[in-house]
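A short write-up of the structure that comes next.
Protein chains in written order, with my numbering: chain E, 1206 to 1318; chain A, 8 to 136.
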């Protein structure tokens, strides 16, 4: 297993990427908003490009999520599907579930508890 | 919670996305002071984030953003005003999705534009059993 912690994205936000045989795990920490979403975009694009069957985005460490953050995940979900991979969102709390539902994405994103 | 009735907090900051976090944190602190539930506080944070984003856009704007938080009887009212020297790029208004989210998380919201000055108001009332 390879593990990597990229440079900190700024105050209140961090991402850890762990590459395994069958999946890439992207763990997100802190506030996922307008400022941090572009950083996550880059990490998710990198994770999808590894060509693993599954990309897991662990959002259990996310303390705030807005539409820009949701858009990041949706874009990666689409990119993963385009290359035959599956993107799964793990550890979504009530706030994430609610926002996903309001945005009408509950039938679109794969949410795991 | 009547002791906080009429309290007002005002923030003025550069209209930059990096400072929206301050707007959210202030909203959360004041909503907590009003006795809002955790879910209600999250709603206020999402709403102020959406409306501030509509004002400053993804790259910020030249000028300032002033937020006035008023604590009322079981309600938090947030007025935002962006005064810019110019407005270029993204249209400064909530997107259709933002409007959908705002309708779901707050009791009232509005956004108006007068030239290079833009204003919003949101009202979130505490659920009283």
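A virtual CB, placed ideally from N, CA and C, is assigned to each residue, including glycine.
Residue range of the unbroken beta strand (DSSP E) whose run includes residue i
| i | result |
| --- | --- |
| residue 1316(E) | 1315-1317 |
| residue 1228(E) | 1228-1237 |
| residue 70(A) | 70-78 |
| residue 115(A) | 115-121 |
| residue 1311(E) | No beta strand (DSSP E) contains residue 1311(E), which DSSP labels as neither H nor E. |
| residue 1270(E) | 1259-1270 |
| residue 12(A) | Run containing residue 12(A): none; DSSP gives neither H nor E here. |
| residue 131(A) | 124-132 |
| residue 1191(E) | Summary: the structure shown does not reach residue 1191(E), with chain E confined to residues 1206 through 1318, and so no result is reported for it. |
| residue 82(A) | 82-91 |
Residue i and residue j closer than 8 Å at C-beta
| i | j | result |
| --- | --- | --- |
| residue 1261(E) | residue 1301(E) | no |
| residue 62(A) | residue 125(A) | yes |
| residue 1236(E) | residue 1217(E) | yes |
| residue 30(A) | residue 68(A) | no |
| residue 1284(E) | residue 1305(E) | no |
| residue 55(A) | residue 134(A) | no |
| residue 1239(E) | residue 27(A) | yes |
| residue 64(A) | residue 99(A) | yes |
Short CB-CB distance (under 8 Å) between residue i and chain E
| i | result |
| --- | --- |
| residue 114(A) | no |
| residue 105(A) | yes |
| residue 78(A) | no |
| residue 41(A) | no |
| residue 137(A) | Outside the modelled stretch of chain A, which goes from 8 to 136, sits residue 137(A), for which no answer is possible. |
| residue 8(A) | Caution applies to residue 8(A), whose pLDDT of 48 falls short of 50 and renders its modelled position unreliable; the value that the coordinates give is listed next. By this cut-off, residue 8(A) is not an interface position. |
| residue 91(A) | no |
| residue 60(A) | yes |
| residue 108(A) | yes |
| residue 15(A) | no |
| residue 111(A) | yes |
| residue 49(A) | yes |
| residue 57(A) | yes |
For residue j and residue i, believed in contact at Cβ under 8 Å, the rounded distance
| i | j | result |
| --- | --- | --- |
| residue 1245(E) | residue 1277(E) | 5 Å |
| residue 87(A) | residue 58(A) | 6 Å |
| residue 79(A) | residue 10(A) | That pair is no contact at about 13 Å. |
| residue 1220(E) | residue 1248(E) | 5 Å |
Interface flag, residue i vs chain A, CB-CB below 8 Å
| i | result |
| --- | --- |
| residue 1217(E) | yes |
| residue 1210(E) | Bear in mind that the predicted position of residue 1210(E) carries a pLDDT of just 48, short of 50, making it too unreliable to give a figure here. |
Limits of the unbroken alpha helix (DSSP H) element including residue i
| i | result |
| --- | --- |
| residue 33(A) | 27-40 |
| residue 109(A) | 103-112 |
| residue 1225(E) | Counting along the chain, residue 1225(E) falls outside any alpha helix (DSSP H), and DSSP gives it neither H nor E. |
| residue 1294(E) | Run containing residue 1294(E): none in the alpha helix (DSSP H); it sits in the beta strand (DSSP E), 1291-1295. |
| residue 52(A) | 45-63 |
Residues of the region 1264-1292 of chain E with a CB closer than 8 Å to any CB of chain A: list them in chain order, please. 1269, 1271, 1272 and 1273
Given a limit of 7 Å on CB to CB distance, which residues of the region 1229-1249 of chain E reach chain A? 1236, 1238, 1239 and 1240
Please list the residues of the region 19-30 of chain A that have a C-beta atom closer than 8 Å to any C-beta atom in chain E, keeping them in chain order. 24, 25, 27 and 28
Taking a Cβ distance cut-off of 8 Å, strictly less, list which residues of the region 62-77 of chain A are near chain E, in chain order. 65
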